[in-house]
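In my numbering, the protein residues as written are 20 to 115.
For reference, the structure discussed in these notes is given below.
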Amino acid sequence: MTITPTRVTAALAGLFSGTAWPLLWPLIGGAGGDDTINLIVGTVLLVAVPAHAFVVGFGPATQAGGLDRALLVRTAIWLVAAAGAAIVVGLVRGAT
């Protein structure tokens, strides 16, 4: 399976991770529970897989060495989108 990452897919992955993680955090161990496996699985499913699929991509490597500027840009977009979404979710949840 080949997934070609773009800036848009990186932003969408960041929005997904930044929205889903704060909403599901209390359910997967963030509320003081000691259920480590739920925390690990939640992190993999909500952060690592979307980031790898839509920021890094699946498929053959396009560059053998050196600095991949496009990957750095996609990573920055993903982080900014995730942080922005998490802040918005926090503000909305705090207002209710």
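Yeah, the Cβ is synthetic: ideal placement off N, Cα and C, and Gly gets one too.
Remember, predicted model here, so these are calculated numbers, not experimental data.
What three-state label does DSSP hand residue i in the structure shown?
i: I22; result: strand
Answer with buried or exposed for residue i, where buried requires no fewer than 16 other C-beta atoms within 10 angstroms of its C-beta.
i: R93; result: buried
i: A67; result: exposed
i: I47; result: buried
i: G84; result: exposed
i: I22; result: exposed
i: I96; result: buried
Taking the CB atoms as reference points, tell me whether residue i and residue j lie closer together than 8 Å.
i: L58; j: S36; result: no
i: P24; j: V75; result: yes
i: F73; j: A39; result: no
i: P69; j: A102; result: no
Would you please state the rounded distance, in angstroms, between the beta carbons of residue i and residue j? I believe it to be under 8 Å.
i: G109; j: P41; result: 6 Å
i: L34; j: A104; result: 5 Å
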